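Participant: If you're matching positions, the sequence shown starts at 276 in the numbering used here and goes up one per residue.
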Amino acid sequence: MRASPPSTRAGAGFSLLEVVLALGLFTMAAVSLVGALNDIGRYTADSVRESWVTEKLRSTLIEVGKNPRLEEMRVSFDPDASGTFVSVEVERFEARSVKGENLPNLYRIKAVVARKRPGGHEEVLGEAETLRYLPMFQQQ
C-alpha cells in the first residue's frame, strides 16, 4: 500500500482566512487610531483658541482699566487677519454700601472678543468684565 502525501489544498483556505481576518483587525485598529488622533488635534486647537481668547480679554481689561482718565465709552478695535476683533464698553457702575451710601467713581469695563462670519453675522468667542475704582490709578 502506498501512502499518499498530505493534501496541501485543505490547509491553504485556513491560512487565507487568517490573513484576511488579521488585515481586517489591523484596519479597524488603524482607523480607530486615526480617529483618536483627529480628536486630539481638534481638542488641542480648541484649547489653543480658548487660551488666546482668554489672554486677549485679560490684556484688554488691564490696558483699558489702567487708564487714569477713564470715562464712559464704546470702542471696537480693528479686526486681525482672521476677522477677530475686540470691543470694549466702559460705563459708570452705580453701587450702594450696606449703609445705603452711594459708592462713587466705580466703572464697569466689559470686553468682548468676536469674529465676523460669512453673511455679516458676529460670533462671540468670549467676554469678560471687571469693576474699576477710578482714584486707584490716578496719581496724587
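Beta carbons are placed, not taken as given, at the ideal position from N, Cα and C, and that holds for glycine. In this text the structure is predicted, and so the values were computed from the model without any measurement.
Confirm, please, whether the CB-CB distance from K331 to V361 is below 8 Å.
Facilitator: By 1-based counting over the sequence shown, the position of residue 361 is 86. By 1-based counting over the sequence shown, the position of residue 331 is 56. Taking 8 Å as the Cβ cut-off, V361 and K331 qualify as a contacting pair.
Participant: Looking at C-beta atoms only, is the number of pairs between the segment 377-385 and the segment 319-329 that lie closer than 8 Å three or more?
Facilitator: No contact exists between the segment 377-385 and the segment 319-329.
Participant: Please go through the same chain and pick out, in chain order, the residues whose beta-carbon is closer than 6 Å to the beta-carbon of V350, but skip the five residues on each side of it.
Facilitator: Here residue 350 refers to the residue found at position 75 of the sequence shown. The answer, listed in chain order, is V363.
Participant: Looking at the unbroken beta strand (DSSP E) that takes in F360, where does it start and where does it end?
Facilitator: Residue numbering aside, residue 360 sits at position 85 when the sequence shown is read from its first letter. 359-367 is the span of the beta strand (DSSP E), which, as asked, contains F360.
Participant: In the DSSP assignment, the beta strand (DSSP E) including V399 goes from what residue to what residue?
Facilitator: In the sequence shown, the residue the question calls residue 399 occupies position 124. First-last of the beta strand (DSSP E) with V399: 397-408.
Participant: Does A304 come out as helix, strand or coil in the three-state DSSP assignment?
Facilitator: The residue you call residue 304 lines up with position 29 of the sequence shown. Of the three classes helix, strand and coil, the one that applies to A304 here is helix, per DSSP.
Participant: Between which two residues does the beta strand (DSSP E) harbouring S351 extend?
Facilitator: As a first step, residue 351 is located in the sequence shown; it is residue number 76 there, counting from the start. S351 -> beta strand (DSSP E) spans 348-351.
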